[in-house]
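Visitor: Residue numbers (this note's numbering), protein chains in the order written: chain A, -13 to 386; chain B, 4 to 181; chain C, 3 to 370. One structure, pasted below without further comment.
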Amino acid sequence: MQELEQAEHGSVRVTPKGNDRVVIEKDLSSEEMILNMGPQHPSTHGVLRLECKTDGEVVVEAEPYLGYLHRCFEKHAEMVDYPGIVPFVDRMDYLAAMNSEFAYCIAVEKLLDVEIPRRVEFLRVIVSELNRIASHLVAIGTYAIDLGAFTPFLFCFRDREHIMNILEWASGARMLYNYIWIGGAAFDFPADMQKRIGEFVDYFRPKALELQKLLTENEIFVKRTRGIGMMPADVAINYGWSGPMLRGSGVEWDLRRNDPYSVYPELDFNVRVPDGSVSDIGDSLSRHLVRAYEMEESLGIIEQCLQMMPEANGFDPRSAIPKKIRPKAGEVYGRAENPRGELGFYIVSDGKSTKPVRCKARSSCFVNLSAMKELSQGQLIPDLVAIIGSIDIVLGEVDR
Amino acid sequence: MAESQESQERPEPSPAVRASEAVYRTVREKFGDAVSDFDANDTMPFFEVTDARRWKEVALFLRDDSRLDFNYLACLSGMDYPAEGKLGVVCNLESLGKHNHRIAVKINCSRDSAVLPSVARVWKTAEWHEREAFDMYGIRFDAHPDLRRILCPEDWEGYPLRKDYEVQESYHGVKVPY
Amino acid sequence: MNLPNLVPMFMTMNLNSWSDALAGWMPYGLPLGLVIIAAIPLVFIALYALTYGVYGERKISAFMQDRLGPMEVGKWGLLQTLADILKLLQKEDIVNRDADRFLFVIGPGVLFVGSFLAFAVLPFGPAFIGADLNVGLFYAMGIVALEVVGILAAGWGSNNKWALYGAIRSVAQIVSYEIPAAIALLCGAMMAGTLSMQQFNLLQQGEYGFLHFFLFQNPIAWLPFLIYFIASLAETNRAPFDIPEAESELVAGYFTEYSGMKFAVIFLAEYGSMFMVSAIIAVVFLGGWNSPLPNIGTVLLNDWTTGPVWGAFWIVMKGFFFIFIQMWLRWTLPRLRVDQLMYLCWKVLTPFAFIAFVLTAVWEIYMK
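In structure tokens, the structure reads:
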């Protein structure tokens, strides 16, 4: 409250006319200046607003303000039935809609106790790993652009376009798929889909390396990110960080491995954390590296899934979907490893209604972002941008 | 294919529930009547802290006791129980990287004087989650470092996720219900 | 007369006589003909800078980023920038309410004037020079620095915190980088023994083409050359030193509040000074309007490619080459941080510039 008032009176906008020159001087001569970063700012990745107290180029404190993209997900969820929530879930983390759907369906299926056909499990894992790559591409690309490198951004978007096309082929939509349904999936893969995904994997492997070369081996990029935004592992855990953020701090924690779901236990993949040779453990560069590693691992997972996947043979992915989804009374906390960390759903069912009594989304970005205030203290403005970029927020999921 | 499903998922919940139960017994030993009985359901085993005033104490014990080590607060959700006239929060805790056990804890308060102790200084995750619970349910958290609305505007009226919530007519001259 | 000789000869003779005739045109005793001759390259550069500099930048970035770039307006999008100018001309001229109107309006003008006045001393050929000052290089350095005033006026007058940050960063950066840049150019001046831009060219003339260029005449010259090139990137706010307009940090830096034609003028000034610094490099180190091609035996490549038109061609091409490198860097490298930038200037470039200065002096006095 206090800070908000200061911001309003300190800025030039609300001063009476004719007096503004004096106010400008007062603003400068005072030791700290309030600088509003966002909600319309190129590097807040959406409509985040950071109210920065700055002393020259140094950010003394940055207080995040959220809610500009609040679309009342939890209220909506109490008004529509369980399958109807899936499209809303898509719109939370719009860069990784498949993963969000996956997490939500896992949560509801835990309550429902349905048997998921094996082919559906593979469909789900393949599309969500593809989407994970797409999401990391956006994260890495926008991170590069935050640091002033444009070209990697466009390389990332070029490659992401292939994934969008593949997922569009599977689901009919480019970004918000509504593909993974409770107890099944909307459609089976179209003919030749496996071949096409295989082609993409072959295409993308060298491109991922190229991207690595362009960024991680770039002296300026390393200088801008190494040692910036340090987060020790224990503090990261206390903040509830998860996903690449936590792994960037050197904690080998991946829900796909540590709380496995779907067919992940059968798959062979590594949970790679930076070893500290290129980056300092826990800095922005480590978080970037984790994302780069994860893309490679995802490619491996997709390849394995394509091989292990059962044949279609007239398979109907909707076969296991219950006619009416009315879970038994109870509550569940279901979660999955999303590109941005742990996405959890706390769902309460009363056993009578087809609508949940409560559906709380534990958003990974929301939790990751909560450390922003502490991370930003005493940083330079360019470093602040580097830190926000490394947190990789999607405001759709932060604000829900 | 049914077998493989069985072998991965079915047997898993029960050791997890057993681990949670062990956790619960440790807590019960220490706090006695301040905590309720253990609800050993499959999907989310939980217990309730009946004496809400001791919640912070319980939280610290959960976090710091070497047998428990719940260093990770996965989720803190506000809840409304209109039938019982109560509000509450549900915390999903996990011992990340240490014991890997999980448990859920519920804490309730009455709807009229909706005050709960804050655990924002125990798990920093809770800071924003409690702000959210305050925003959506109007639960006031005692000794919270910065209890403001987080998702709704500062001057929004009412607590949207309460079951008896009715949306305000207009907000700064803009008609709200449509 | 053999065939390859024909074309350059034709061009040289005609143009020489043509320009001589124009130069002699003095209605009412005023040297208007000379003014026109001097203005031609300026107009050309202005047009180039606004249209084909932007077009080139977009096409080059597109090429580097696996895209096509502008393709819609005209063949290969050649008319895209003209369409952009039309759009900018039609835009409303917005001055925000609380801006310092005077500074806000004057800022782009000062920038533009500062950047384009320097062209007065830029030799485009033996005849094409606006004013052959005996302190031409000094004048060019000084007048380009006038930009700082424009930037500060624009940033301060906008009454926008981001613009202020951009302006302050920009001023700090330009003023700092003037020092290594000036010392590096001083090395060039020592090699030439003059500050006249035209003299630089004449001194680097010769039948062996590029071998007469200062860069290849002196084993130390590459050091001031590199220092000046790096410093010139910073002076024109180009990546990786584009922190004053770092769009991901400061929205658009000092021109955040500008739109329409004022924005276009700033843009024009920026491209103008990009060309200016590139041309200064070309003049001081790479022979300016001299042809880089050597005479080899009877193949008189150097002679064939010398003349007024060829002179303009060479200096513009050399300028383009450095602009291309600037663009190449911009679309490849991330941006430095503000303190790293200052570190590079004061702790790396400036000491090396002094070393280059001493070495050049030693070379000029004892070795040559």
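We put the beta carbon where it would ideally sit given N, CA and C, even for glycine.
Return yes when the Cβ of Phe144 of chain B is within less than 9 Å of the Cβ of Ser113 of chain B, no when it is not.
Guide: Counting from 1 along the second sequence, the entry for residue 113 of chain B is found at position 110. Counting from 1 along the second sequence, the entry for residue 144 of chain B is found at position 141. Not in contact: Ser113 of chain B and Phe144 of chain B (Cβ atoms no closer than 9 Å).
Visitor: Are the C-beta of Phe190 of chain A and some C-beta of chain F separated by less than 9 Å?
Guide: Protein chains A, B and C are contained in the structure displayed, whereas chain F is not.
Visitor: So for Arg365 of chain A, helix, strand or coil by DSSP?
Guide: Translated into the one-based positions of the first sequence, residue 365 of chain A becomes position 379. Arg is not the amino acid found at residue 365 of chain A; the sequence shown has Gln there. Of the three classes helix, strand and coil, the one that applies to Gln365 of chain A here is strand, per DSSP.
Visitor: For Asp369 of chain A, which residues in the same chain have their Cβ closer than 6 Å to its Cβ, ignoring the five residues on either side in sequence?
Guide: Within the first sequence, numbered from 1, the residue matching residue 369 of chain A stands at position 383. Excluding sequence neighbours, Asp369 of chain A sits near Ile214.
Visitor: Could you run through the stretch 17 to 50 of chain A and flag, in chain order, every residue whose CB is less than 7 Å away from some CB of chain B?
Guide: If the cut-off is 7 Å between Cβ atoms, the stretch 17 to 50 of chain A has nothing near chain B.
Visitor: Please report whether the beta-carbon of Lys61 of chain C lies at a distance below 9 Å from any beta-carbon of chain A.
Guide: Counting from one through the third sequence, the residue named residue 61 of chain C turns up at place 59. No, Lys61 of chain C lies away from the interface with chain A (no Cβ there is under 9 Å from its Cβ).
Visitor: List the residues that DSSP assigns as beta-bridge partners of Ile333 of chain A.
Guide: Locating residue 333 of chain A in the first sequence gives position 347, counting from the first residue. Per DSSP, A:Val318 and A:Cys345.
Visitor: Any idea what DSSP makes of Lys77 of chain C, helix, strand or coil?
Guide: As a working note, residue 77 of chain C is residue 75 in the third sequence. Lys77 of chain C falls in the helix class under three-state DSSP.
Visitor: For a quick check, are the C-beta atoms of Ile325 of chain C and Trp291 of chain C less than 9 Å apart?
Guide: One-based indexing of the third sequence puts residue 325 of chain C at position 323. One-based indexing of the third sequence puts residue 291 of chain C at position 289. No; because the gap between Cβ atoms is not below 9 Å, this pair is not in contact.
Visitor: Below 9 Å between beta carbons: does that hold for Phe88 of chain A and Ala347 of chain A?
Guide: Position 102 of the first sequence, counting from 1, holds the residue named residue 88 of chain A. Position 361 of the first sequence, counting from 1, holds the residue named residue 347 of chain A. No, these two residues do not count as a Cβ contact at 9 Å.
Visitor: Quick check on the DSSP output: what are the complete beta strand (DSSP E) runs of length 3 or more inside the stretch 98 to 123 of chain B, in order along the chain?
Guide: Entirely contained in the stretch 98 to 123 of chain B, the beta strand (DSSP E) runs reaching 3 residues are, in chain order, 105 to 113 and 118 to 120.
Visitor: Less than 9 Å between the beta carbons of Ile367 of chain A and Val340 of chain C, yes or no?
Guide: Looking up residue 367 of chain A in the first sequence gives position 381. Looking up residue 340 of chain C in the third sequence gives position 338. Contact: yes.
Visitor: Anything in chain A within Cβ reach of Ser69 of chain B, meaning under 8 Å, just list it in chain order.
Guide: Residue mapping note: residue 69 of chain B aligns to position 66 of the second sequence, counting from 1. The premise fails here: Ser69 of chain B is roughly 15 Å from chain A at the closest Cβ pair, so nothing lies under 8 Å.
Visitor: Would the beta-carbon of Glu237 of chain C fall within 9 Å of that of Gln175 of chain C?
Guide: Taking the first residue of the third sequence as position 1, residue 237 of chain C is located at position 235. Taking the first residue of the third sequence as position 1, residue 175 of chain C is located at position 173. Cβ atoms of Glu237 of chain C and Gln175 of chain C: closer than 9 Å.
Visitor: Is the shortest distance between the beta-carbon of Ala43 of chain B and the beta-carbons of chain A less than 9 Å?
Guide: As a working mapping, residue 43 of chain B is identified with position 40 in the second sequence. With 9 Å as the cut-off, Ala43 of chain B does not count as an interface residue toward chain A.
Visitor: Can you tell me whether DSSP reads Val44 of chain A as helix, strand or coil?
Guide: Residue numbering aside, residue 44 of chain A sits at position 58 when the first sequence is read from its first letter. In the structure shown, Val44 of chain A sits in a strand (DSSP, three-state: E or B).
Visitor: Is it buried or exposed for Val146 of chain C, if we count other Cβ within 10 angstroms and need 16 for buried?
Guide: Mapped onto the third sequence, residue 146 of chain C falls at position 144. The residue is buried, with at least 16 neighbouring Cβ atoms inside 10 Å.
Visitor: Please list, in chain order, the chain A residues whose beta carbon lies closer than 9 Å to that of Glu366 of chain C.
Guide: Your numbering for residue 366 of chain C matches position 364 in the third sequence. Correct list: empty, because the minimum Cβ distance to chain A is about 34 Å.
Visitor: Would you decide whether Ser284 of chain A is buried or exposed? Buried here means 16 or more other CB atoms lie within 10 Å of its CB.
Guide: Locating residue 284 of chain A in the first sequence gives position 298, where the first residue counts as 1. With 16 or more Cβ atoms within 10 Å of its Cβ, Ser284 of chain A is classed as buried.
Visitor: To the nearest angstrom, report how far apart Glu11 of chain A and Pro148 of chain B are at their CA atoms.
Guide: For the purposes of this step, residue 11 of chain A is taken as the residue at position 25 of the first sequence. For the purposes of this step, residue 148 of chain B is taken as the residue at position 145 of the second sequence. Here Glu11 of chain A scores only 40 on pLDDT, less than 50, and its place in the model is too uncertain to base an answer on.
Visitor: Asn95 of chain B bridges to which residues according to DSSP?
Guide: If you number the second sequence from 1, residue 95 of chain B lands on position 92. DSSP lists B:Cys78 and B:Ala107 as partners of Asn95 of chain B.
Visitor: Judging by CA-CA distance, which residue of A:Ile20, A:Glu18, A:Leu36 and A:Met19 is the nearest neighbour of Gln26 of chain A?
Guide: The residue given as residue 26 of chain A occupies position 40 in the first sequence. If we check each option's Cα against that of Gln26 of chain A, A:Leu36 comes out closest.
Visitor: Identify whether Leu21 of chain A lies in helix, strand or coil by the three-state DSSP scheme.
Guide: One-based indexing of the first sequence puts residue 21 of chain A at position 35. Looking at Leu21 of chain A - three-state DSSP - the assignment turns out to be strand.
Visitor: Run through the DSSP bridge pairs and tell me what Pro50 of chain A is partnered with.
Guide: Sequence index remark: in the first sequence, residue 50 of chain A carries index 64 (1-based). Per DSSP, A:Leu36.
Visitor: What number of angstroms, rounded off, separates the C-alpha of Ala135 of chain A from the C-alpha of Pro251 of chain A?
Guide: As a first step, residue 135 of chain A must be located in the first sequence, where it is residue number 149. As a first step, residue 251 of chain A must be located in the first sequence, where it is residue number 265. If I take the Cα positions, the gap works out to 38 Å.
Visitor: Chain B partners of Glu328 of chain A, CB-CB under 8 Å?
Guide: As a first step, residue 328 of chain A is located in the first sequence; it is residue number 342 there, counting from the start. Here the neighbours are Ala77.
Visitor: Given a cut-off of 9 Å on the beta-carbon distance, is the pair Leu113 of chain C and Ala281 of chain C in contact?
Guide: As a first step, residue 113 of chain C is located in the third sequence; it is residue number 111 there, counting from the start. As a first step, residue 281 of chain C is located in the third sequence; it is residue number 279 there, counting from the start. For Leu113 of chain C and Ala281 of chain C, no; Cβs fall outside 9 Å.
Visitor: In this structure, how does DSSP classify Ala183 of chain C when only helix, strand and coil are distinguished?
Guide: Translated into positions along the third sequence, residue 183 of chain C becomes position 181. If DSSP states are grouped into helix, strand and coil, Ala183 of chain C belongs with the helices.
Visitor: Between the C-alpha atoms of Gly141 of chain B and Asp158 of chain B, what's the straight-line distance to the nearest angstrom?
Guide: Mapped onto the second sequence, residue 141 of chain B falls at position 138. Mapped onto the second sequence, residue 158 of chain B falls at position 155. Going from the Cα of Gly141 of chain B to the Cα of Asp158 of chain B covers about 13 Å.
Visitor: Is there at least one Cβ from chain C nearer than 9 Å to Thr202 of chain A's Cβ?
Guide: As a first step, residue 202 of chain A is located in the first sequence; it is residue number 216 there, counting from the start. By this cut-off, Thr202 of chain A is not an interface position.
Visitor: With the cut-off set at 9 Å, would you say Phe34 of chain B and Ile106 of chain B are in Cβ contact?
Guide: On the second sequence, position 31 is the one that residue 34 of chain B refers to. On the second sequence, position 103 is the one that residue 106 of chain B refers to. No, they are not a contact pair.
Visitor: Could you say if the stretch 204 to 212 of chain A and the stretch 145 to 154 of chain A meet the contact criterion of at least three C-beta pairs nearer than 8 Å?
Guide: Not touching, per the Cβ criterion.
Visitor: Between Glu95 of chain A and the rest of its own chain, which residues show a CB-CB distance below 8 Å, the 5 nearest in sequence each way excluded?
Guide: For the purposes of this step, residue 95 of chain A is taken as the residue at position 109 of the first sequence. Excluding residues within five positions, the ones whose Cβ falls inside 8 Å are Ile102, Ile168, Gly169 and Gly320.
Visitor: Name the DSSP bridge partner or partners of Ile96 of chain C?
Guide: By one-based count along the third sequence, residue 96 of chain C stands at place 94. In the DSSP output, where bridge partners are listed per residue, Ile96 of chain C has none listed.
Visitor: In the stretch 326 to 345 of chain C, which residues sit with their C-beta less than 9 Å from some C-beta in chain A, listed in chain order?
Guide: Answer set for the stretch 326 to 345 of chain C: Arg332, Trp333, Thr334, Leu335, Pro336, Arg337, Leu338, Arg339, Val340, Asp341 and Gln342.
Visitor: Are there 16 or more other CB atoms within 10 angstroms of the CB of Ile166 of chain A, so buried, or fewer, so exposed?
Guide: Looking up residue 166 of chain A in the first sequence gives position 180. It is buried - the Cβ of Ile166 of chain A has at least 16 other Cβ atoms within 10 Å.
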